[in-house]
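Protein sequences, first through last, are from chains A and B.
Numbers 1 to 424, taken from full-length UniProt numbering, label the letters of the first sequence in order.
Numbers 1 to 424, taken from full-length UniProt numbering, label the letters of the second sequence in order.
A short write-up of the structure that comes next.
Protein chains: 2
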Amino acid sequence: MLPPASRPAPPDVEIMTIGDELLYGQVIDTNSAFMGQELAKIGLRVRQISSVSDRADEIVGALDQARQRARVVLITGGLGPTKDDLTKHVLARYFGSELVMDAPTLAHVTEFFKRYNRPMLEVNRQQALVPAGCQVLFNAVGTAPGMWFEDQGTVFVSMPGVPFEMKKLMTDQVLPRLRERFEIAPIEHVVVMTVGLGESYLAEKIADWEDALPPNIKLAYLPSLGAVRLRLTGSDDGQPDLRGRMLALLPALRERVGPYIFAEEETTLEAAIGQLLLARGLTLATAESCTGGLVAHRITGVPGSSGYFRGSVVAYHNDLKMSELNVPAETLATSGAVSEATVQAMAEGARQRLGADVAVATSGIAGPGGGSAGKPVGTICFAVADAQGTVSRQISFDRGRALNITYTAQSVLALLWQRLTGQV
Amino acid sequence: MLPPASRPAPPDVEIMTIGDELLYGQVIDTNSAFMGQELAKIGLRVRQISSVSDRADEIVGALDQARQRARVVLITGGLGPTKDDLTKHVLARYFGSELVMDAPTLAHVTEFFKRYNRPMLEVNRQQALVPAGCQVLFNAVGTAPGMWFEDQGTVFVSMPGVPFEMKKLMTDQVLPRLRERFEIAPIEHVVVMTVGLGESYLAEKIADWEDALPPNIKLAYLPSLGAVRLRLTGSDDGQPDLRGRMLALLPALRERVGPYIFAEEETTLEAAIGQLLLARGLTLATAESCTGGLVAHRITGVPGSSGYFRGSVVAYHNDLKMSELNVPAETLATSGAVSEATVQAMAEGARQRLGADVAVATSGIAGPGGGSAGKPVGTICFAVADAQGTVSRQISFDRGRALNITYTAQSVLALLWQRLTGQV
């Protein structure tokens, strides 16, 4: 790495996403948000995000404007093998260079097709063409390489628009190179994950603590459905051990909202639950109706979840609530499929049938159909059963089928976490 | 409405979303996609989407550039009551006008707070201030009104960033006014959904068809994991029945890639499968190991899926493959949990146990752990069982746990769709 003194100050960054599908609204641009988050973490500010078409003249126009605003321009999209992918050709012309075959990339692409033993086409070969003079950023998970250009003091980086390819290139290569290329003041992040308390209530409970934060430490509320992530960002104040001083702020935070904190690092609720289960040698099962497998999907998304997760019965049809989860026919007849009595029976049935120490259950009316006067769309029940007994909740939440399902899964995991931590 | 002749030709549209949270990646900009979709439907092209900060000078700079590219500029965000909401003040200065109280808006805001009997603060009263000379677009579902400006032939529209408020203003007021203000030529979109063939293979199979497209009809490839959406966009060429002529191109497309087409409209594979099942009166069940409930989650994400989906057994632990899905112990012992023999037994067991006409099963090593020399991470098996028999596949796919799970779910749904359409 160059000595700090010889490296220029941190630049503003411009993000440019390319593709007609973005302008037509057929694809939502999630790449920019990821890049913005990652750049913020290393202390770089995004000046503007621009989404432009696949037309060469419009891409060039956007490049001209971006370089007037920022000294780093991160570009995604338009690197595919098809006719409408122009970015590489436009950049070559823009920097006045020819497309040349990059041998390592060609070898990688060839091997890529050999591994999946698919025939390699000429268009695939051409994925290894790059503008002469750019630094090739090896793309281990795809066939289109990233490209790093420097032109009159401005850095241009072109990456594929495929999110997981872009993310790997950003993380493994682009961010480290930016760190090396520019003198970036140290910045620290401390993240605290909370669940069970809305943003405004959380803010109220910690208002005095937030007001007392030193000027170089900022607090951000990052709410998601049923959870709020608190992120402290500390910028260099010339004093030693910035991170240590930030961590020293946490005990006072715990005093105020301790019961709602499930982790003091970037993680998920299901991962935190998994650690608790592992630590106690407990196994878990789920019985799902309205969530249709989402709870199990979230739990099994955690590496190593096979160490504590037994499995799930998605009893969408009432027959299966009886035959696979031992829910008594009377319970369904008297209380209905969406009731605390039914989810309690489902959770207890799952514990027995699936041989788990702890089981959760969900049942609700996700909509748009299926609602009634007594039980409108958004009526949601969930339960947790363990050796000590069973707890259940009924709530009302209707923001459309997809969000209703998501919120139900989040709610039952929150109840499970509260149960495992002795809060309910 | 003005007679066509007297209305100007369709303008390009520029979308500007305002807010630091967009640049930090704390919020994903979904407003632009909605606006892009709605504008495309009425034949207006989005020239560029720009996300800018809450800083006045940067908003002004973006306005200056946007008006050079387009004659309509749609702006969202920065209309809230807090200090960092500057849009209204910036626009007033930009158009050289004063903020004046808009009586209907003030009455609406007052009534709004009365209804929720909350105290109305001065900052709330100020929500009714608008730049003199703008046309106020009444916001029935919020307190910040939309604002329509005309300046030297360019239309500027400012809307709140809250998605459901923006959507209502766009639909009820902005789109109708644009239709009335401009003479808009028809534009048509035809979407064809494919699965089972990679982008480059698809492109090669239809290259001659694509080359023969008339100049006013453009083709875009929109790939996602295991599927490619083809989008034809037709612009007016003065000839009648543009849509009819676009649809007339499809038979030749079907000749080339018919077996891979699962829909000729915007939809999902699971929704297309649901329609097939409903049409034939067939029920479905899933037996999942590595996908952990994702297949069931995708199926139950479709409204009305309770009409054909019985349920799922997520048999994560081998015990449950035997006890809940009747997989013979010998099969697990001899072939292993990740094998075509096991997924075949799981699918057949799910059909019987869950009482379904058709069942799918998955088992694989999602990683990062659990791999072996014989069965490395990414070894994935899946099967479909119906009254005619059982088909299964083993593939190798390793792009990290999350994508391995996603791709397995996509693969088994693709096999199910091929089975239901008599291809396998």
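Note that beta-carbon positions come from the ideal geometry of N, C-alpha and C, so glycine has one too.
Every beta strand (DSSP E) of 3 residues or more that sits fully in the segment 303–361 of chain B is shown, in chain order, as 309–315. The continuous alpha helix (DSSP H) containing LEU294 of chain A extends over residues 294–300. Neighbourhood of ASN124 of chain A in chain B, by CB distance below 8 Å: SER200, in chain order. Annotation: GLN394 of chain A to THR379 of chain A spans about 7 Å, alpha carbon to alpha carbon. At a C-beta separation below 9 Å, PHE382 of chain B has no neighbours in chain A, since its nearest C-beta there lies roughly 16 Å away. Of the residues B:GLY307, B:GLU265, B:ALA263 and B:VAL302, the one whose Cα lies closest to the Cα of ARG280 of chain B is B:GLY307. Taking a contact to require three or more Cβ pairs closer than 8 Å, the segment 173–187 of chain A and the segment 7–27 of chain A qualify as touching. Within the DSSP bridge table, the entry for CYS381 of chain A names A:SER363 and A:GLN394 as partners. Counting the other Cβ atoms within 10 Å of the Cβ of SER53 of chain B gives 16 or more, which makes it buried. Cβ-Cβ distances below 6 Å link MET159 of chain B to THR76, GLY146, MET166 and LEU169 in the same chain, with the five nearest sequence neighbours on each side left out; the list follows chain order. CA-CA distance, GLN423 of chain A to GLY196 of chain A, rounds to 12 Å.
In the DSSP assignment, GLU111 of chain B falls within the alpha helix (DSSP H) that extends over 103–115.
DSSP places GLN135 of chain A in the strand class (E or B) of the three-state scheme.
Boundaries of the beta strand (DSSP E) around LEU74 of chain A: 72–76. Counting of Cβ neighbours within 10 angstroms places THR300 of chain A among the buried residues, the total reaching 16 or more.
Between the segment 279–294 of chain A and the segment 248–260 of chain A there are fewer than three C-beta pairs closer than 8 Å, too few to call the two in contact. THR268 of chain A and GLY238 of chain B have their alpha carbons spaced roughly 55 Å apart. Counting only the Cα atoms, VAL228 of chain B lies some 15 Å from TRP417 of chain B. With its beta carbon less than 8 Å from one in chain A, PHE309 of chain B belongs to the interface. When the Cα atoms are used, ALA315 of chain B and ARG351 of chain A turn out to be separated by approximately 14 Å.
Counting C-beta pairs closer than 8 Å gives three or more between the segment 32–50 of chain B and the segment 42–62 of chain A, which meets the contact rule.
Positions of the beta strand (DSSP E) runs, each at least 3 residues long and wholly inside the segment 132–177 of chain A, are given as 135–137, 146–151 and 154–159 in order along the chain. GLU14 of chain A is a Cβ neighbour of ALA66 of chain A, given a cutoff of 8 Å. Between TYR94 of chain A and chain B, the shortest Cβ-Cβ separation is not below 8 Å. Scanning A:LYS41, A:ILE18 and A:ILE42 for the CA closest to the CA of ASN31 of chain A turns up A:ILE18.
Residue-level contact by beta carbon holds for SER50 of chain B and chain A, with a gap shorter than 8 Å.
Within the model, the alpha-carbon separation for VAL73 of chain B versus VAL157 of chain B is close to 6 Å. Secondary structure at ARG245 of chain A: helix, using DSSP grouped into helix, strand and coil. Listed by position along chain B, the residues whose Cβ is nearer than 7 Å to that of HIS297 of chain A are GLY292, GLY293, LEU294 and HIS297. Put simply, the backbone Cα of THR171 of chain A is about 12 Å away from that of ASN139 of chain A. In the structure shown, LEU63 of chain B falls within a helical segment according to DSSP collapsed to helix, strand and coil. Counting other Cβ atoms within 10 Å of its Cβ, GLU122 of chain B stays below 16 and is therefore classed as exposed.
Within chain A, the residues whose beta carbon sits less than 7 Å from that of LEU320 of chain B are ARG310, GLY311 and LEU354, listed in sequence order.
Proximity of chain A to VAL360 of chain B at the Cβ level (cut-off 7 Å) is not reached, the minimal Cβ distance being about 13 Å.
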